[in-house]
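**Q** Protein chains in written order, with the numbering used here: chain W, 119 to 232; chain U, 7 to 127. Starting off with a structure, shown below.
Set out below in structure tokens:
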């Protein structure tokens with residue numbers, strides 16, 4: 119079974135600084151997808167970034183980037199130039215192809231301080 | 007395009023009652039999945055529907071059921087409600103697959119609705 123672990127329940131960062139959220143996962147699959155979702159107080163789950171396991175290049179989306187280490191089964195999220203609007207719960211998620219059973223980590227609550 | 011919509015947004019029920027939640031996917035999306043989010047168990051997959059058929063099911067009791075209509079709208083039903091069913095229920099839809107591309111990141115991405123918060127008293 120696939121499991122996703124986020125070892126940091128809570129983190130905080132000063133506005134404009136950089137923060138890295140950690141995620142590890144366990145799977146015997148070779149092809150899969152990894153995601154970071156953000157859930158602000160409104161509770162809407164918003165896609166932040168996606169990584170295909172078959173791609174060696176780390177995904178980036180504006181201020182968000184990942185460090186994907188397939189052998190180590192690690193998938194961290196780096197947020198640069200943190201903004202107050204980045205305050206939210208961040209969930210790391212794993213999914214096999216053609217299977218909507220997405221496995222989530224427990225989440226990291228990120229607070230961006232002014 | 008409008009996002010995934012869920013109704014109602016909030017619901018209060020009592021133990022033993024049943025409840026039906028509705029989800030309308032993004033236009034053109036035919037796959038709809040449901041998740042339960044609780045403080046204790048986190049986010050857990052309930053089931054997935056595609057073309058009016060349940061394709062995948064999580065580890066939940068039979069009191070949890072769902073269906074999908076020809077317009078891809080989906081409903082989930084919980085019968086004989088228990089206190090532990092209090093949760094945020096999230097619906098997600100996924101883009102259609104391109105037969106020329108067996109699998110790709112955009113096709114495998116799920117987009118979530120705002121959720122329905124259910125409180126069972």
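Backbone N, C-alpha and C define an ideal beta-carbon position, used for all residues, glycine too.
Between which two residues does the beta strand (DSSP E) harbouring residue 167 of chain W extend?
**A** For the purposes of this step, residue 167 of chain W is taken as the residue at position 49 of the first chain. Note, residue 167 of chain W: beta strand (DSSP E), 164-170.
**Q** Give the straight-line distance between the Cα atoms of residue 59 of chain U and residue 78 of chain U, rounded to the nearest whole angstrom.
**A** Numbered from its first residue, the second chain carries residue 59 of chain U at position 53. Numbered from its first residue, the second chain carries residue 78 of chain U at position 72. Rounded to the nearest angstrom, the two C-alpha atoms are 10 Å apart.
**Q** Using a beta-carbon distance cut-off of less than 8 Å, what residues from the region 72-88 of chain U approach chain W?
**A** none
**Q** Which runs of the beta strand (DSSP E) fall wholly inside the region 10-44 of chain U and span at least 3 residues, in chain order?
**A** Within the region 10-44 of chain U, the complete beta strand (DSSP E) runs of at least 3 residues are 11-13, 16-19, 25-30, 37-44.
**Q** What residue range is occupied by the uninterrupted beta strand (DSSP E) comprising residue 83 of chain U?
**A** The residue labelled residue 83 of chain U in the question sits at position 77 within the second chain. Here the beta strand (DSSP E) through residue 83 of chain U covers 80-84.
**Q** What does a CB cutoff of less than 6 Å around residue 135 of chain W pick up in its chain, not counting 5 residues either side in sequence?
**A** Along the first chain, one-based indexing puts residue 135 of chain W at 17. For residue 135 of chain W, where only same-chain residues beyond five positions count, the Cβ hits under 6 Å are 200.
**Q** Three or more C-beta pairs closer than 8 Å, one from the region 125-133 of chain W and one from the region 185-203 of chain W: is that the case here?
**A** The region 125-133 of chain W is in contact with the region 185-203 of chain W.
**Q** Check the Cβ of residue 224 of chain W against every Cβ in chain U and list those closer than 7 Å, keeping chain order.
**A** Numbered from 1 along the first chain, position 106 holds the residue referred to as residue 224 of chain W. By Cβ distance, chain U contributes 48.
**Q** Would a check of beta-carbon distances place residue 117 of chain U closer than 8 Å to chain W?
**A** The sequence position of residue 117 of chain U within the second chain is 111, counting from 1. Yes, contact with chain W.
**Q** Determine the direct distance from the alpha carbon of residue 227 of chain W to that of residue 119 of chain U, and round the result to whole angstroms.
**A** Taking the first residue of the second chain as 1, we reach residue 119 of chain U at position 113. Taking the first residue of the first chain as 1, we reach residue 227 of chain W at position 109. One C-alpha to the other measures close to 20 Å.
**Q** Under the assumption that residue 156 of chain W contacts residue 164 of chain W (Cβ atoms under 8 Å), give the Cβ distance between them as a whole number of angstroms.
**A** Translated into positions along the first chain, residue 156 of chain W becomes position 38. Translated into positions along the first chain, residue 164 of chain W becomes position 46. That belief holds up - the Cβ atoms of residue 156 of chain W and residue 164 of chain W are roughly 5 Å apart, short of 8 Å.
**Q** Taking only beta carbons into account, state which residues of the region 31-46 of chain U come closer than 7 Å to chain W, listed in chain order.
**A** 37, 39
**Q** Indicate the three-state DSSP secondary structure (helix, strand or coil) for residue 144 of chain W in the structure shown.
**A** Taking the first chain and counting its residues from 1, the one referred to as residue 144 of chain W is at position 26. Three-state result, residue 144 of chain W: strand.
**Q** Check each residue of the region 137-168 of chain W: if its Cβ is closer than 8 Å to any Cβ of chain U, include it; give the result in chain order.
**A** 149, 151, 153, 155, 160, 161, 162, 163, 164, 165, 168
**Q** In the DSSP assignment, find the beta strand (DSSP E) that holds residue 98 of chain U and state where it starts and stops.
**A** The count along the second chain starts at 1 and reaches residue 98 of chain U at position 92. 93-100 is the span of the beta strand (DSSP E), which, as asked, contains residue 98 of chain U.
**Q** Between the region 119-131 of chain W and the region 64-72 of chain U, are three or more C-beta pairs nearer than 8 Å?
**A** no
**Q** At the 8 Å Cβ level, is residue 14 of chain U part of the contact set with chain W, yes or no?
**A** Taking the first residue of the second chain as 1, we reach residue 14 of chain U at position 8. It does not; no Cβ of chain W falls within 8 Å.
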